[in-house]
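Asker: Below is the structure I would like to discuss, written out as structure tokens.
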Amino acid sequence: MSAASLIAVPWKTRRRRRIIWISSAFVLVALAMAGLSLGDAAIPIPEVFAALFGKGDSGTRLIVVGWRLPRVVLGAAIGAMLALSGALFQVITRNPLGSPDILGFSAGAYTGALLVIVGGSVSTAALTMGAVGGGIASAALVFALVAWRGAGGTRLIIVGIALTAMLGAVNTMIELAADDVVAHTAAIWGAGSLNGIDGRWIPVILVTLLSGGLVIAALAPGLTLYELGEDRAMSLGVRPVRLRISAMLIGVVLLAVTIAAAGPIAFVALAAPQIARRVWRSGPMPFAASAMTGALLLMFSDLLAARLFAPTMLPTGLVTIAIGGLYLAWMLSGANRRRR
Amino acid sequence: MRPSPRLRAALAAAVIAPLVLAATACAPDADSTSDGGAAGADTIIVDSVYGEVTVPAAPERVAAISYDTPWQVMSLDLPVVAAIDYTQWIDGYTEDQQAYIADAAKVGSYGEVNFEALAGAAPDVIVGDAYEVDEATFTRLSEIAPTVIVGGDERGDWQSITEDLATALGAHDTWEEAKASYEARRDEVKEQYADVIAANTWANFSLGNEAGQFSIQLPSGSTGNLIVNEMGLAYGDGIPLDTDDGAGYVSLPLEQIGTVLDGVTVGLTYENPDGTKMPAIQDVIDSSLFQQLEIAKTERVYGLVSNVTDYRTAEEWIDELTAKVLEPLSQ
């Protein structure tokens with residue numbers, strides 16, 4: 001049995017997926033245009049295009065190209081990265097709750113970045129290193145704590161929840177110990193926001209997304225077999241330990257770089273893969289569809305965050321938490337209904 | 001919250017033109033020179049926390065984006081065209097202060113500037129303080145208009161902060177007048193009530209960072225600086241005089257209140273213009289531990305309305321202290 005035979009799908013489903021992909025692309029473009037056009041200074045679409053091609057007046061170009069375009073591009077890319085990270089962890093834990101938010105990796109990456117901020121640096125490189133280091137350290141700790149009985153299942157989730165709580169306390173202590181300016185900066189950043197994000201993050205984010213996407217594409221056949229169960233995957237030639245470690249490293253790096261850029265944006269990693277799985281009606285984890293769903297979720301959330309109470313801007317993370325909370329409640333109520 | 005119709009109309013009318021002005025305002029000024037701080041007939045070069053900035057010599061559209069900055073600009077007799085949204089704290093401000101910012105565009109919340117709304121207000125200069133504006137934010141603000149970020153050595157250094165603001169906004173004469181008036185009033189009150197000041201031990205307390213805590217204004221804080229350094233009101237022995245975190249206050253567990261306020265004979269705190277106190281401050285006062293203190297038993301706890309951010313508000317605070325505290329105690 002090969003991964004290809006597992007993911008062979010009927011013609012009707014393929015057609016449905018094609019329609020969903022095309023629809024998603026339209027929604028993505030619509031959200032991008034809304035992000036570029038809507039704001040306290042509403043700019044008509046023709047002027048948006050003129051600005052994108054270097055025409056029009058300098059004020060419009062500043063807003064469209066200098067401020068809004070990085071936010072739209074980074075919103076889509078960060079959403080996709082969070083979703084891919086969540087999809088990887090949900091596969092290797094074989095649990096829909098196996099999201100980096102819940103496993104403690106987000107909190108660990110936040111701790112790493114927080115230590116860098118308190119240390120006095122806000123450079124792109126230092127924040128990225130801090131977040132990646134913190135994320136990998138927390139992931140290593142979680143997996144070490146459950147290693148002797150296998151890394152899958154509920155035990156991993158419970159250890160992750162415990163670590164998240166502990167790291168939350170550590171993060172609060174760090175914020176309280178910092179001077180008020182640093183603590184204030186950290187608190188705002190800690191809510192997760194795309195407000196004020198600048199173009200310096202575009203190369204870092206896009207390179208990480210592209211590299212991560214290529215590695216995931218290479219790992220995808222093995223991960224599809226891994227979803228059948230560790231023993232079965234081994235019998236089909238998969239080396240589960242190596243696969244798990246590779247997937248974990250990629251997942252943590254994808255997550256940590258987004259945290260360095262925009263702070264911890266919750267629930268996209270948890271919700272996007274599961275929404276994609278249901279919408280695309282996929283048995284194996286649909287990584288590309290998850291990335292698309294994550295991008296749409298975050299772009300939509302960011303648009304709401306920016307416009308809902310304008311001119312007051314909400315941190316994007318607050319909107320994703322609200323959407324994610326609704327999703328989690330819906331998922332749990334669905335699970336309860338199935339048990340009855 | 002939606003923008004007011006007036007703001008929306010202003011934004012609609014000002015979609016492009018002000019933004020063009022804003023975008024070009026930060027470009028190197030063709031008229032400017034670097035000759036001894038003078039940049040040209042219409043502009044000057046001023047120092048700021050993030051380096052030298054060329055600003056209009058007589059700005060007409062000032063945006064004040066930090067929490068204390070609008071009131072500091074108000075003390076210089078200049079209007080502001082934009083400020084953060086004060087809705088959630090508005091009860092703590094006087095009618096004059098509320099009227100002062102009533103027509104100003106709301107450009108975000110504390111710590112979260114809405115850059116597009118700010119650009120829509122078409123400021124010709126943006127001012128703020130370094131406690132709230134980091135260098136990345138300063139860079140983006142400078143794309144909208146020349147931006148002057150000021151900051152003293154301590155949170156409560158309103159004297160030097162307002163002087164830098166006055167210089168940047170071409171209002172140094174007004175600042176000098178306010179300073180002279182304040183100093184005269186301060187010295188007069190200190191002399192007139194020297195006995196009351198010397199006979200008591202003082203503290204300025206408020207709500208803490210969280211429930212079950214209270215806070216003390218340090219001499220490095222805005223009001224603490226005025227109380228201890230300017231007015232010479234001696235703090236109680238149990239009060240910590242400094243911390244390293246630069247906040248200007250220290251938040252402590254309520255169970256320490258007996259130790260911290262031991263020996264204090266007059267307690268000062270904050271109250272709203274309508275005479276009520278913030279619920280969290282009232283909770284501190286109502287706590288059984290507070291009620292066992294000498295200041296509670298002797299009913300020597302006084303709420304003052306004035307928020308000290310500059311020489312004008314400092315003088316108002318002294319007037320209030322005189323009327324509500326020093327004069328009654330001298331009887």
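Same order as they appear, the protein sequences are chains W and S. By the count of the working numbering, the first sequence reaches residue 340 at its end, each step adding exactly one. By the count of the working numbering, the second sequence reaches residue 331 at its end, each step adding exactly one. Backbone N, C-alpha and C define an ideal beta-carbon position, used for all residues, glycine too.
For the region 268-276 of chain S against the region 304-311 of chain S, are there 3 or more C-beta pairs whose distance is under 8 Å?
Answerer: yes
Asker: Is there a Cβ from chain W that is less than 8 Å from the Cβ of R61(S)?
Answerer: One-based indexing of the second sequence puts residue 61(S) at position 61. It does not; no Cβ of chain W falls within 8 Å.
Asker: Could you check the C-alpha separation between V118(W) and A166(S) for me, to the nearest Å?
Answerer: Counting from one through the first sequence, the residue named residue 118(W) turns up at place 118. Counting from one through the second sequence, the residue named residue 166(S) turns up at place 166. Distance between the alpha carbons of V118(W) and A166(S): 32 Å.
Asker: Using a Cβ-Cβ cutoff of 9 Å, what residues of the region 92-113 of chain S are near chain W? List them in chain order.
Answerer: A105, K106, V107, G108, S109, Y110, G111, E112 and V113
Asker: Using a Cβ-Cβ cut-off of 7 Å (strictly less than) and excluding sequence neighbours within five positions of F376(W), which residues of its own chain qualify?
Answerer: With chain W represented from 1 up to 340, any question about residue 376(W) goes unanswered, as that position is not in the structure.
Asker: In the DSSP assignment, what residue or residues form a beta bridge with L342(S)?
Answerer: This structure does not reach residue 342(S), given that chain S is present from 1 up to 331, and the question cannot be answered.
Asker: Quick check on L21(S): does DSSP put it in helix, strand or coil?
Answerer: By one-based count along the second sequence, residue 21(S) stands at place 21. Summary for L21(S): the model assigns pLDDT 41, below 50, so the residue's position carries little reliability, and this model does not support an answer.
Asker: So, with DSSP's three-state summary, where would you put P56(S)?
Answerer: One-based indexing of the second sequence puts residue 56(S) at position 56. In this structure, P56(S) counts as strand in the three-state DSSP scheme.
Asker: Just to confirm before moving on: does the CB-CB distance between L261(S) and G232(S) stay below 8 Å?
Answerer: Position 261 of the second sequence, counted from the first residue, corresponds to residue 261(S). Position 232 of the second sequence, counted from the first residue, corresponds to residue 232(S). Contact flag unset, no.
Asker: Whole-angstrom Cβ separation of S215(S) and Y249(S), contact assumed at under 8 Å?
Answerer: What you label residue 215(S) is simply residue 215 of the second sequence in a count that begins at 1. What you label residue 249(S) is simply residue 249 of the second sequence in a count that begins at 1. A Cβ-Cβ distance of about 5 Å is found for the pair S215(S) and Y249(S), placing them in contact under the 8 Å criterion.
Asker: Rounded to whole angstroms, what's the CA-CA distance from A233(W) to T124(W)? Just pull it up for me.
Answerer: The count along the first sequence starts at 1 and reaches residue 233(W) at position 233. The count along the first sequence starts at 1 and reaches residue 124(W) at position 124. Each residue's Cα considered, the two are about 39 Å apart.
Asker: How many angstroms separate the CA atom of L243(W) from the CA atom of G222(W)?
Answerer: In the first sequence, the residue the question calls residue 243(W) occupies position 243. In the first sequence, the residue the question calls residue 222(W) occupies position 222. For L243(W) and G222(W), the distance between alpha carbons rounds to 7 Å.
Asker: Which residues share a DSSP beta bridge with D129(S)?
Answerer: In the second sequence, residue 129(S) corresponds to position 129, counting from 1. Answer by DSSP bridge pairing, in chain order: V150(S).
Asker: Can you tell me where the alpha helix (DSSP H) with L206(W) in it begins and where it stops?
Answerer: Translated into the one-based positions of the first sequence, residue 206(W) becomes position 206. Annotation: the continuous alpha helix (DSSP H) that includes L206(W) extends over W201 to Y226.
Asker: DSSP has S215(S) in a bridge; who is on the other side?
Answerer: Walking along the second sequence from the start, residue 215(S) turns up at place 215. Per DSSP, the beta bridge partners of S215(S) are S206(S) and S251(S).
Asker: When the cut-off is 8 Å and only beta carbons count, does L249(W) lie next to chain S?
Answerer: Reading the first sequence from its first residue, position 249 is the one you call residue 249(W). Cβ-Cβ to chain S under 8 Å: no for L249(W).
Asker: When the Cα of A58(S) is compared with those of T201(S), D124(S), Q192(S) and V196(S), which residue comes out closest?
Answerer: Taking the second sequence and counting its residues from 1, one reaches residue 58(S) at position 58. Among T201(S), D124(S), Q192(S) and V196(S), the Cα nearest to that of A58(S) belongs to D124(S).
Asker: Are the C-beta atoms of A145(S) and some chain W residue less than 8 Å apart?
Answerer: As a position in the second sequence, residue 145(S) is number 145, starting the count at 1. False, the Cβ-Cβ gap to chain W never drops below 8 Å.
Asker: Tell me whether K179(S) sits in a helix, a strand or coil according to DSSP, three-state version.
Answerer: Position 179 of the second sequence holds residue 179(S). Reduced to three states, the DSSP call for K179(S) is helix.
Asker: What residues in its chain sit with their C-beta under 7 Å from that of R140(S), if we drop five residues either side in the sequence?
Answerer: Sequence index remark: in the second sequence, residue 140(S) carries index 140 (1-based). In its chain, beyond the 5 residues on either side, F115 have a beta carbon closer than 7 Å to the beta carbon of R140(S).
Asker: Taking all protein chains shown into account, decide if T177(W) is buried (16 or more other Cβ within 10 angstroms of its Cβ) or exposed.
Answerer: In the first sequence, counting from the first residue as 1, residue 177(W) sits at position 177. According to the sequence displayed, residue 177(W) carries Ala and not Thr. Under this definition A177(W) is an exposed residue.
Asker: Apart from the five residues on each side of it in sequence, which residues of its chain come closer than 6 Å, Cβ to Cβ, to N200(S)?
Answerer: The count along the second sequence starts at 1 and reaches residue 200(S) at position 200. These residues qualify, in order along the chain: T265 and V266.
Asker: Quick one: give me the first and last residue of the alpha helix (DSSP H) that A30(W) is part of.
Answerer: Within the first sequence, numbered from 1, the residue matching residue 30(W) stands at position 30. Looking at the DSSP string, the run of the alpha helix (DSSP H) that includes A30(W) is W11 to S37.
Asker: Measure from the C-beta of A136(S) to each C-beta in chain W and report whether the shortest distance is under 8 Å.
Answerer: The count along the second sequence starts at 1 and reaches residue 136(S) at position 136. Closer than 8 Å: yes.
Asker: Reducing DSSP to helix, strand and coil, say where V260(S) ends up.
Answerer: Numbered from its first residue, the second sequence carries residue 260(S) at position 260. Correct three-state label for V260(S): helix.
Asker: Taking G221(S) as the query, report the chain W residues whose CB atoms sit under 9 Å from its CB, ordered along the chain.
Answerer: Your numbering for residue 221(S) matches position 221 in the second sequence. By Cβ distance, chain W contributes nothing, its closest Cβ being about 11 Å from G221(S), past 9 Å.
Asker: Are the C-beta of G120(S) and some C-beta of chain W separated by less than 8 Å?
Answerer: Here the question's residue 120(S) lines up with position 120 in the second sequence. Judged by the 8 Å Cβ criterion, G120(S) is in contact with chain W.
Asker: Would you be able to state if there are at least three C-beta pairs under 8 Å between the region 155-169 of chain W and the region 106-121 of chain W?
Answerer: With the rule of 3 Cβ pairs closer than 8 Å, the region 106-121 of chain W counts as touching the region 155-169 of chain W.
Asker: At least one CB of chain S closer than 8 Å to the CB of T312(W): is that the case?
Answerer: Here residue 312(W) is taken as the residue at index 312 of the first sequence, counted from 1. By this cut-off, T312(W) is an interface position.
Asker: To the nearest angstrom, report how far apart V182(W) and L127(W) are at their CA atoms.
Answerer: Here residue 182(W) refers to the residue found at position 182 of the first sequence. Here residue 127(W) refers to the residue found at position 127 of the first sequence. Roughly 14 Å between the two C-alpha positions.
Asker: How many whole angstroms separate the CB atoms of T320(W) and L303(W), which I take to be in contact at a CB cut-off of 8 Å?
Answerer: Position 320 of the first sequence, counted from the first residue, corresponds to residue 320(W). Position 303 of the first sequence, counted from the first residue, corresponds to residue 303(W). No, T320(W) and L303(W) are not in contact; Cβ-Cβ is about 12 Å, not under 8 Å.
Asker: Under 8 Å between the Cβ atoms of D129(S) and I161(S)?
Answerer: Locating residue 129(S) in the second sequence gives position 129, counting from the first residue. Locating residue 161(S) in the second sequence gives position 161, counting from the first residue. Here D129(S) is near I161(S), since their CB atoms are less than 8 Å apart.
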